[in-house]
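**Student:** Right, I'll just put the structure down here and ask away after.
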Amino acid sequence: MATILVFLETRDGRIRKTSLEALSAARKLGDDVVAFANDKAVAAEAGKFGAKRLFVAPAGAYLTETFTSAMQKAAEQAKPAVILFGGTSNGRDLAPRLAARLNAGVASDVDRLEMSDGKLRARRPVYSGKAFATVEVSSTPAIATTRPNAFPVEEAGGGAAEVVEITASSDSKARLLETKSPEAGEMSIAEADIIVSGGRGLKEAANFSVVRDLAHAINGAVGASRAVVDAGWIDHQHQVGQTGRVVSPNLYIACGISGAIQHLAGMTSSKHIVAINKDAEAPIFRVADLGVVGDLFQIVPALTEEVKKTKAH
Amino acid sequence: MNSVVCIAQVPDTEARIKIAGDGKNIDETGLKFIVSPYDELALEAAIRLKEAQGGDVTVISFGPDRVQQALRECLARGATKAIHIKGDATPDSLVIAKALAASIKNVPHDLVFFGKQGVGTDNSLVGPMVAELLGYPQVNVVTHLEVADGKAIAHREIEGAEEVIEAPLPAVITAQKGMNEPRYASLKGIMAAKKIAIDTQTPAEAATPSVTFVKLELPPEKSGGRKIDGSDPAAAAKEILKYIREEAKAL
Ligand SMILES: Cc1cc2nc3c(=O)[nH]c(=O)nc-3n(C[C@H](O)[C@H](O)[C@H](O)COP(=O)(O)OP(=O)(O)OC[C@H]3O[C@@H](n4cnc5c(N)ncnc54)[C@H](O)[C@@H]3O)c2cc1C
Ligand SMILES: Nc1ncnc2c1ncn2[C@@H]1O[C@H](COP(=O)(O)O)[C@@H](O)[C@H]1O
Numbered sequence: 132m133a134t135i136l137v138f139l140e141t142r143d144g145r146i147r148k149t150s151l152e153a154l155s156a157a158r159k160l161g162d163d164v165v166a167f168a169n170d171k172a173v174a175a176e177a178g179k180f181g182a183k184r185l186f187v188a189p190a191g192a193y194l195t196e197t198f199t200s201a202m203q204k205a206a207e208q209a210k211p212a213v214i215l216f217g218g219t220s221n222g223r224d225l226a227p228r229l230a231a232r233l234n235a236g237v238a239s240d241v242d243r244l245e246m247s248d249g250k251l252r253a254r255r256p257v258y259s260g261k262a263f264a265t266v267e268v269s270s271t272p273a274i275a276t277t278r279p280n281a282f283p284v285e286e287a288g289g290g291a292a293e294v295v296e297i298t299a300s301s302d303s304k305a306r307l308l309e310t311k312s313p314e315a316g317e318m319s320i321a322e323a324d325i326i327v328s329g330g331r332g333l334k335e336a337a338n339f340s341v342v343r344d345l346a347h348a349i350n351g352a353v354g355a356s357r358a359v360v361d362a363g364w365i366d367h368q369h370q371v372g373q374t375g376r377v378v379s380p381n382l383y384i385a386c387g388i389s390g391a392i393q394h395l396a397g398m399t400s401s402k403h404i405v406a407i408n409k410d411a412e413a414p415i416f417r418v419a420d421l422g423v424v425g426d427l428f429q430i431v432p433a434l435t436e437e438v439k440k441t442k443a444h
Numbered sequence: 049m050n051s052v053v054c055i056a057q058v059p060d061t062e063a064r065i066k067i068a069g070d071g072k073n074i075d076e077t078g079l080k081f082i083v084s085p086y087d088e089l090a091l092e093a094a095i096r097l098k099e100a101q102g103g104d105v106t107v108i109s110f111g112p113d114r115v116q117q118a119l120r121e122c123l124a125r126g127a128t129k130a131i132h133i134k135g136d137a138t139p140d141s142l143v144i145a146k147a148l149a150a151s152i153k154n155v156p157h158d159l160v161f162f163g164k165q166g167v168g169t170d171n172s173l174v175g176p177m178v179a180e181l182l183g184y185p186q187v188n189v190v191t192h193l194e195v196a197d198g199k200a201i202a203h204r205e206i207e208g209a210e211e212v213i214e215a216p217l218p219a220v221i222t223a224q225k226g227m228n229e230p231r232y233a234s235l236k237g238i239m240a241a242k243k244i245a246i247d248t249q250t251p252a253e254a255a256t257p258s259v260t261f262v263k264l265e266l267p268p269e270k271s272g273g274r275k276i277d278g279s280d281p282a283a284a285a286k287e288i289l290k291y292i293r294e295e296a297k298a299l
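Line order of the protein sequences matches chains A and B.
Counting in this note's numbering, the first sequence tops out at residue 444, every number present.
Counting in this note's numbering, the second sequence tops out at residue 299, every number present.
Listed below in structure tokens is the structure:
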């Protein structure tokens with residue numbers, strides 16, 4: 132019976148979606164799924180998505196060193212064959228640190244997982260999605276981080292996970308001084324289901340409102356090409372692409388973006404792609420499922436109105 | 049203030065990727081290699097610290113002989129020393145991290161810099177692994193850095209927010225866009241770099257990899273979907289909405 136240990140990142144007493152995706156993926160790898168969280172309030176939610184036991188260390192706010200020692204304790208008790216992390220900022224910070232401590236191999240940012248002859252096999256996009264590598268991790272434990280939106284969240288219908296309290300060493304050399312939310316309320320492109328992105332076709336910074344309005348109406352996050360990030364129209368947290376974030380939302384709407392290879396690398400794995408561009412030859416149309424040749428300043432506001440109308444019904 | 053900067057040499061971001069005959073690696077023939085873009089930010093941060101506070105900037109790269117080219121470029125930009133650890137490219141980041149950590153121990157340093165990710169491998173693993181192996185605090189995905197009084201104050205990018213983290217030196221920093229604007233090499237720098245010998249090393253202990261390539265494949269060609277004329281914006285908007293609702297099943 133292979134045990135799979137999943138790191139659950141919590142926020143305001145809830146498990147983050149990317150962590151739930153990892154938890155759902157874990158059930159396909161082994162029948163004994165256990166989890167770690169820093170908050171026992173999530174035991175019911177963890178159980179609902181398949182965790183039988185929940186290791187809890189009241190570790191407080193995320194700090195790499197304390198959480199590494201907490202996860203080490205959980206791993207010592209659970210003796211997992213595989214440890215999964217959802218690919219959040221903290222998951223990606225913690226997985227390699229824990230791997231080095233446990234002398235374990237890691238596959239990061241994976242979009243497929245399976246056990247093959249008792250070993251973890253994972254597929255991961257490389258060269259920013261220009262190729263896919265399948266790797267095998269032969270260490271025990273084997274570690275992987277999952278790409279946001281790559282695995283479906285599936286309920287297991289179990290009762291609350293049994294809480295196992297553990298203590299973690301709290302001597303972290305690094306200290307968190309403060310958390311700043313420069314754009315409070317703005318959705319991050321990392322985990323968004325829908326992203327509306329703008330490029331140089333917007334002509335100037337003020338016109339980003341055209342994209343923001345649609346994103347707002349459709350409940351999506353705002354993305355951007357590097358050209359407009361470099362121009363200072365929007366913060367680089369929004370940049371999609373090879374040197375920005377690689378995203379795979381359900382729906383990606385590109386407005387006034389030409390589709391340079393470095394941009395395509397960051398969004399081609401989106402499930403549905405709509406592109407609006409006035410140049411019929413723009414490379415973005417090669418990856419778009421629905422391409423609209425026309426003026427974004429007319430089409431995007433019209434679409435925003437249509438979306439608002441639908442939602443009013 | 050002495051810094052070490054770990055440099056990954058990666059295929060040019062414009063490059064088309066071809067699969068080698070073994071079906072596991074990329075075909076390197078004719079491929080242009082560059083210093084990974086995030087490592088340029090890391091190097092720039094280290095050079096600025098050296099300019100302000102003195103000390104050395106040592107660049108280290110693990111890989112085949114071609115990585116010496118990347119090291120030369122870093123020397124031309126202002127690094128003062130370079131170490132090449134010989135080894136074949138490997139999918140096991142821990143093998144790379146162990147070789148780097150062993151070498152870094154022999155170099156005086158207050159800070160160890162990385163890129164937040166090697167563009168291409170896209171792992172984001174090596175920096176935190178080295179931090180753990182050396183027992184240092186780490187601040188990952190840093191957009192702003194100040195170093196004073198034996199401490200680093202670093203802004204770390206997380207989803208939709210930024211954390212301000214204080215770490216005593218020595219510490220590991222991984223660089224994210226926004227940290228600085230990397231400089232180009234000057235002619236003088238290129239000339240000066242030629243006089244610096246690259247210290248070539250072989251890994252002290254050869255770690256056995258536990259991550260291996262099974263297969264490398266290209267993504268299926270996107271068939272290129274439907275293209276419609278948007279000269280009637282209202283009609284186009286309706287068509288997009290239909291697609292969003294019926295095919296993307298959103299809204
Ligand atoms: C090392 C490296 C890394 C890079 N990393 C990234 C990255 O991560 N992400 C990224 O995005 N780029 C990246 N780039 C930059 C990339 O090469 C392109 O320069 C950039 O993506 C172009 O942005 P854009 O599409 O907004 O602008 P442009 O290429 O200028 O395209 C603007 C588009 O808008 C259209 N347009 C104009 N007016 C209208 C209108 N009224 N209505 C509709 N359409 C209109 C035009 O037809 C055109 O296609 C990188 C480059 C390098 C060298
Ligand atoms: N072969 C290497 N030699 C030196 N540094 C490396 C090497 N591979 C990765 N790094 C460093 O680790 C960072 C993260 O790389 P990766 O974990 O591969 O995404 C890079 O930006 C480099 O700073």
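Ideal placement from N, C-alpha and C gives every residue a C-beta, glycine not left out.
Under 8 Å by Cβ, that's how I've got Gly397(A) and Ala413(A) pegged, so tell me the actual separation to the nearest angstrom.
**Tutor:** In the first sequence, the residue the question calls residue 397(A) occupies position 266. In the first sequence, the residue the question calls residue 413(A) occupies position 282. About 16 Å; that fails the 8 Å criterion.
**Student:** Between Val276(A) and ligand 2, is there a pair consisting of the residue's CB and a ligand heavy atom that are separated by less than 8 Å?
**Tutor:** Position 145 of the first sequence, counted from the first residue, corresponds to residue 276(A). What sits at residue 276(A) in the sequence shown is Thr, not Val. The answer is no for Thr276(A).
**Student:** Between Tyr232(B) and chain A, is there a C-beta pair that is closer than 9 Å?
**Tutor:** The residue given as residue 232(B) occupies position 184 in the second sequence. Output row for Tyr232(B): interface = no.
**Student:** Between Ile297(A) and the rest of its own chain, which residues show a CB-CB distance below 8 Å, the 5 nearest in sequence each way excluded?
**Tutor:** Locating residue 297(A) in the first sequence gives position 166, where the first residue counts as 1. Phe186, Val187, Ala188, Ala201, Lys204, Ala205 and Gln208.
**Student:** Closer than 7 Å, Cβ to any Cβ of chain B: which residues of the region 239-255 of chain A, in chain order?
**Tutor:** Answer set for the region 239-255 of chain A: Ser239, Asp240 and Arg252.
**Student:** Quick one: residues in its chain with C-beta nearer than 7 Å to the C-beta of Lys263(B), no 5 flanking neighbours on either side, listed in chain order?
**Tutor:** Sequence index remark: in the second sequence, residue 263(B) carries index 215 (1-based). Taken in chain order, the residues that qualify are Gly71 and Lys72.
**Student:** In the structure shown, what three-state DSSP assignment does Ser141(B) receive?
**Tutor:** The sequence position of residue 141(B) within the second sequence is 93, counting from 1. Looking at Ser141(B) - three-state DSSP - the assignment turns out to be helix.
**Student:** Considering Cα atoms alone, identify which of Gly166(B), Ile244(B), Ala202(B) and Met177(B) is closest to Leu307(A).
**Tutor:** Against the first sequence, residue 307(A) aligns to sequence position 176. Measuring from the Cα of Leu307(A), the nearest candidate turns out to be Ala202(B).
**Student:** To be precise: take each residue of the region 250-264 of chain B, compare its Cβ to all Cβ atoms of chain A, and keep it if any distance is under 7 Å. Which residues remain?
**Tutor:** Under the 7 Å Cβ criterion, the region 250-264 of chain B contributes Ser258, Val259, Thr260, Phe261, Val262, Lys263 and Leu264.
**Student:** Spatial neighbours of Phe339(A) within its chain, please: C-beta separation below 7 Å, excluding the five flanking residues on both sides.
**Tutor:** In the first sequence, counting from the first residue as 1, residue 339(A) sits at position 208. For Phe339(A), where only same-chain residues beyond five positions count, the Cβ hits under 7 Å are Gly329, Leu333, Trp364 and Ile365.
**Student:** Sorted by chain position, which residues of the same chain lie with C-beta nearer than 6 Å to Tyr184(B)'s C-beta, five sequence neighbours on each side aside?
**Tutor:** The residue you call residue 184(B) lines up with position 136 of the second sequence. The answer, listed in chain order, is Pro218, Ala219 and Val220.
**Student:** When the Cα atoms are used, what is the spatial distance from Ala182(A) to Ala291(A)?
**Tutor:** In the first sequence, the residue the question calls residue 182(A) occupies position 51. In the first sequence, the residue the question calls residue 291(A) occupies position 160. Using only the alpha carbons, I get a separation of about 8 Å.
**Student:** Output needed in chain order: residues of the region 129-150 of chain B with a Cβ under 7 Å from some Cβ in chain A.
**Tutor:** Flagged, chain order: Pro139, Asp140, Ser141, Leu142 and Ala145.
**Student:** Note down, in chain order, every chain A residue with its Cβ under 8 Å from the Cβ of Arg114(B).
**Tutor:** Translated into positions along the second sequence, residue 114(B) becomes position 66. Neighbours of Arg114(B) on chain A: none; closest Cβ ~17 Å, over 8 Å.
**Student:** Along chain B, in chain order, which residues have C-beta atoms closer than 8 Å to that of Ser269(A)?
**Tutor:** For the purposes of this step, residue 269(A) is taken as the residue at position 138 of the first sequence. Those are Ser258, Val259 and Thr260, listed as they occur along chain B.
**Student:** Would you call the region 232-248 of chain A in contact with the region 267-274 of chain A, where contact means no fewer than 3 C-beta pairs closer than 8 Å?
**Tutor:** In short, these stretches touch, since the Cβ pair count reaches three.
**Student:** Mind checking whether Arg97(A) and Asp242(A) have CB atoms under 9 Å apart?
**Tutor:** Residue 97(A) lies beyond the stretch modelled for chain A, which goes from 132 to 444, so this question has no answer here.
**Student:** Taking 9 Å as the threshold (C-beta atoms), are Ala358(A) and Arg331(A) in contact?
**Tutor:** For the purposes of this step, residue 331(A) is identified with residue 200 of the first sequence, where counting begins at 1. For the purposes of this step, residue 358(A) is identified with residue 227 of the first sequence, where counting begins at 1. Going by C-beta atoms, Arg331(A) is nearer than 9 Å to Ala358(A).
**Student:** Should Phe161(B) be listed as close to ligand 2, given that the test is whether its C-beta is under 8 Å from any heavy atom?
**Tutor:** In the second sequence, the residue the question calls residue 161(B) occupies position 113. Under cutoff, so the answer is yes.
**Student:** Less than 8 Å between the CB atoms is what I'm expecting for Gly78(B) and Gly111(B), so what's the real figure, rounded?
**Tutor:** Numbered from its first residue, the second sequence carries residue 78(B) at position 30. Numbered from its first residue, the second sequence carries residue 111(B) at position 63. Not quite, the Cβ-Cβ distance comes to about 18 Å (not below 8 Å), so this is no contact.
**Student:** Pro156(B): buried (16+ other C-beta within 10 angstroms of its C-beta) or exposed?
**Tutor:** Within the second sequence, numbered from 1, the residue matching residue 156(B) stands at position 108. Pro156(B) is exposed by the Cβ-count criterion.
**Student:** Count Cβ pairs between the region 219-234 of chain B and the region 87-97 of chain B that sit closer than 8 Å; are there 3 or more?
**Tutor:** Contact between the region 219-234 of chain B and the region 87-97 of chain B is present, because at least three Cβ pairs lie under 8 Å.
**Student:** By how many angstroms is the C-alpha of Arg376(A) removed from the C-alpha of Gln370(A)?
**Tutor:** For the purposes of this step, residue 370(A) is taken as residue 239 along the first sequence, with counting starting at 1. For the purposes of this step, residue 376(A) is taken as residue 245 along the first sequence, with counting starting at 1. Their backbone Cα atoms lie some 6 Å apart in a straight line.
**Student:** Does any residue of chain A have a CB that is nearer than 9 Å to the CB of Leu159(B)?
**Tutor:** Position 111 of the second sequence, counted from the start, is the residue given in the question as residue 159(B). So no, Leu159(B) is outside the interface.
**Student:** In whole angstroms, give me the CA-to-CA distance for Asp277(B) and Ala346(A).
**Tutor:** Within the second sequence, residue 277(B) is the residue found at index 229, counting from 1. Within the first sequence, residue 346(A) is the residue found at index 215, counting from 1. Their Cα atoms are separated by approximately 23 Å.
**Student:** Return the chain-ordered list of same chain residues with a C-beta closer than 6 Å to the C-beta of Gln23(B), the five sequence neighbours on each side being excluded.
**Tutor:** Absent from the model: residue 23(B). The displayed extent of chain B is 49 to 299, so no value can be given.
**Student:** To the nearest angstrom, how far is the alpha carbon of Thr149(A) from that of Leu235(B)?
**Tutor:** Here residue 149(A) corresponds to residue number 18 of the first sequence, with the count starting at 1. Here residue 235(B) corresponds to residue number 187 of the second sequence, with the count starting at 1. Rounded to whole angstroms, Thr149(A) to Leu235(B) spans 48 Å at the Cα level.
**Student:** Measuring from the CB of Ile388(A), is there a heavy atom of ligand 1 at a distance below 8 Å?
**Tutor:** Looking up residue 388(A) in the first sequence gives position 257. Ile388(A) Cβ: within cutoff of ligand 1.
**Student:** Compare the C-beta of Pro283(A) with all C-beta atoms of chain B and state if any pair is closer than 9 Å.
**Tutor:** On the first sequence, position 152 is the one that residue 283(A) refers to. No, Pro283(A) lies away from the interface with chain B (no Cβ there is under 9 Å from its Cβ).
**Student:** Going along chain B in order, which residues have a C-beta closer than 8 Å to the C-beta of Arg232(A)?
**Tutor:** Here residue 232(A) corresponds to residue number 101 of the first sequence, with the count starting at 1. Under the 8 Å cutoff, chain B gives Glu180.
**Student:** Taking only beta-carbon atoms, is Lys304(A) less than 9 Å away from chain B?
**Tutor:** Locating residue 304(A) in the first sequence gives position 173, counting from the first residue. It does: the Cβ of Lys304(A) has a partner Cβ on chain B nearer than 9 Å.
**Student:** Residues in its own chain within less than 6 Å of Val431(A) by CB, not counting five upstream and five downstream?
**Tutor:** On the first sequence, position 300 is the one that residue 431(A) refers to. Val341, Leu345 and Cys386, listed in sequence order.
**Student:** With distances taken Cα to Cα, identify the nearest neighbour of Val378(A) among Glu322(A), Arg417(A) and Ser300(A).
**Tutor:** What you label residue 378(A) is simply residue 247 of the first sequence in a count that begins at 1. Among Glu322(A), Arg417(A) and Ser300(A), the Cα nearest to that of Val378(A) belongs to Glu322(A).
**Student:** Check whether the Cβ atoms of Ala298(B) and His403(A) sit closer than 9 Å, and answer yes or no.
**Tutor:** Locating residue 298(B) in the second sequence gives position 250, counting from the first residue. Locating residue 403(A) in the first sequence gives position 272, counting from the first residue. Yes, Cβ-Cβ distance for Ala298(B) and His403(A) is below 9 Å.
**Student:** Could you say which of His394(A), Ile349(A), Ile392(A) and Gly372(A) lies nearest to Thr441(A) if we only look at CA atoms?
**Tutor:** Counting from one through the first sequence, the residue named residue 441(A) turns up at place 310. Selected option, being the one with the closest Cα: Ile349(A).
**Student:** Looking only at DSSP bridge pairs, what is Ile214(A) linked to?
**Tutor:** As a first step, residue 214(A) is located in the first sequence; it is residue number 83 there, counting from the start. Looking at the DSSP assignment, Ile214(A) forms a beta bridge with Leu136(A) and Ile274(A).
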